[in-house]
Amino acid sequence: MSLSLLCLAALSLLTFGVPLIAHALETDTNKMDTNKKAENPILYADVPDIAVIRVGDTYYMSSTTMHMSPGLPIMKSRDLVNWEMASYAYETLGDTDKL
């Protein structure tokens, strides 16, 4: 008798528990808002030759600056829309023939 109750409890859990867990995962508040749309331009700046990578849940973008200093700006974003400056790859570029 107790085995049949255990089987009934397991079957009930599978029947009602799994859909509830799936629904909770679908309505997670940490999910990105997919209805939000980016508007062009995303960045109001001259950002040529961009490269973007993702590390964890943060995106990093770099772009060329040619001969400007500081050079090679590194920006970061969590949603690929809102970017902020993180750092520069170098402060000054040396002016020698060895470079």
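So in the numbering used here, the last one in the sequence shown is 1407, and the numbering has no gaps at all. All residues carry an ideal CB built from backbone N, CA and C; glycine is no exception.
Is it the case that the Cβ atoms of residue i and residue j are separated by a distance below 8 Å?
{"i": "P1378", "j": "E1399", "result": "yes"}
{"i": "T1366", "j": "K1345", "result": "no"}
{"i": "V1363", "j": "M1369", "result": "no"}
Report the CB separation of residue i from residue j in whole angstroms; it is logged as a contact under 8 Å.
{"i": "L1401", "j": "H1375", "result": "7 Å"}
Using only alpha-carbon positions, find the residue among the options that is nearest to residue i.
{"i": "Y1396", "options": "S1371, R1386, P1349 and E1347", "result": "S1371"}
{"i": "P1356", "options": "T1373, V1389 and D1387", "result": "T1373"}
Answer yes or no: does any C-beta atom of chain C fall closer than 8 Å to that of residue i?
{"i": "A1397", "result": "This model lacks chain C altogether, as it is built from one protein chain only."}
Would you kindly work out how many angstroms separate the C-alpha atoms of residue i and residue j, rounded to a whole number?
{"i": "A1394", "j": "E1347", "result": "22 Å"}
{"i": "D1387", "j": "P1349", "result": "15 Å"}
{"i": "D1354", "j": "V1389", "result": "16 Å"}
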